[in-house]
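Numbering (the numbering used here), first residue to last: -13 to 144. Where a beta carbon is used, it is the ideal one built from N, C-alpha and C, also for glycine. Structure first, then comments.
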Ligand SMILES: [Zn+2]
């Protein structure tokens, strides 16, 4: 995706204070390998996703919950299809915009929001349990479609 400045990103989250947003240092972000820009609040309870499509930039704040009680089993990220042998995904959820806080949606996604790096094998811990022979362009398109679909369901974009 195109490189973004901190102010561009802040504009997408007008309801978040700087402390809520906890924007990371962008100096070393390799935008060229990202399908979406995602980061976690250091407290771990929330994550942020910025996505660009033909309509422009969209931002989404998500609650993150990690299930530490269930026994380890394989989990697949709904967005990038990375398969973890045990733990590795977290449930990211959000309130559907315009539902007066009555409707929630959630997806099990890579717990560090690093799907883009995983489909390009730029993180190795842990490698996917079920490797695919799909070309990277297809993986990237599938990932972007999944993020977009989630944002549409959340009423973040039309
Ligand atoms: Zn993922």
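With a cut-off of 8 Å, do at least 3 Cβ pairs link the stretch 52 to 66 to the stretch -2 to 14?
no
Would the stretch 66 to 75 and the stretch 109 to 127 be scored as touching if the rule is three or more Cβ pairs under 8 Å?
yes
Secondary structure at residue 101, three-state DSSP: helix, strand or coil?
In the chain shown, residue 101 corresponds to position 115, counting from 1. Note: residue 101 maps to helix in three-state DSSP.
Residue 93 and residue 136 - do their beta-carbons sit closer together than 8 Å?
The residue given as residue 136 occupies position 150 in the chain shown. The residue given as residue 93 occupies position 107 in the chain shown. Yes; because the gap between Cβ atoms is below 8 Å, this pair is in contact.
Going by the CB atoms, is the gap between residue 20 and residue -13 shorter than 8 Å?
As a position in the chain shown, residue -13 is number 1, starting the count at 1. As a position in the chain shown, residue 20 is number 34, starting the count at 1. Cβ distance < 8 Å, so residue -13 and residue 20 count as in contact.
Whole angstroms is fine: what's the gap from residue 40's alpha carbon to residue 22's?
The sequence position of residue 40 within the chain shown is 54, counting from 1. The sequence position of residue 22 within the chain shown is 36, counting from 1. Cα-Cα distance, rounded: 14 Å.
Run the proximity test for residue 94: is its beta-carbon closer than 7 Å to any non-hydrogen atom belonging to ligand 1?
Looking up residue 94 in the chain shown gives position 108. It does not: the Cβ of residue 94 is nowhere closer than 7 Å to a heavy atom of ligand 1.
For ligand 1, I want to know if residue 104 counts as a neighbour, meaning its beta carbon is within less than 7 Å of at least one of the ligand's heavy atoms.
Here residue 104 is taken as the residue at index 118 of the chain shown, counted from 1. Residue 104 Cβ: within cutoff of ligand 1.
Reducing DSSP to helix, strand and coil, say where residue 6 ends up.
Taking the first residue of the chain shown as 1, we reach residue 6 at position 20. If DSSP states are grouped into helix, strand and coil, residue 6 belongs with the helices.
Rounded to whole angstroms, what's the CA-CA distance from residue 59 to residue 103? Just pull it up for me.
Counting from one through the chain shown, the residue named residue 59 turns up at place 73. Counting from one through the chain shown, the residue named residue 103 turns up at place 117. Looking at the two C-alpha atoms, the distance is approximately 22 Å.
Residue 132, enclosing alpha helix (DSSP H) - first and last residue:
Locating residue 132 in the chain shown gives position 146, where the first residue counts as 1. That run of the alpha helix (DSSP H) goes 122 to 139.
Please check the pair residue 105 and residue 126, which I expect to be a contact at CB under 8 Å, by giving their CB distance rounded to whole angstroms.
In the chain shown, counting from the first residue as 1, residue 105 sits at position 119. In the chain shown, counting from the first residue as 1, residue 126 sits at position 140. Yes, residue 105 and residue 126 are in contact; Cβ-Cβ is about 7 Å, under 8 Å.
Can you list, in chain order, the residues of its chain whose CB lies under 6 Å from that of residue 87, leaving out five sequence neighbours each side?
The sequence position of residue 87 within the chain shown is 101, counting from 1. Within the same chain, residue 87 has close Cβ partners 81.
Among 38, 28, 31, nearest to residue 17 - alpha-carbon criterion:
Counting from one through the chain shown, the residue named residue 17 turns up at place 31. Closest option to residue 17, Cα to Cα, is 38.
Residue 50: first and last residue of the uninterrupted beta strand (DSSP E) it sits in:
As a first step, residue 50 is located in the chain shown; it is residue number 64 there, counting from the start. Residue 50 -> beta strand (DSSP E) spans 42 to 51.
Ligand 1 and residue 17: does the residue's C-beta get closer than 7 Å to at least one heavy atom of that ligand?
Locating residue 17 in the chain shown gives position 31, counting from the first residue. No, since every heavy atom of ligand 1 falls outside the 7 Å radius drawn around the Cβ of residue 17.
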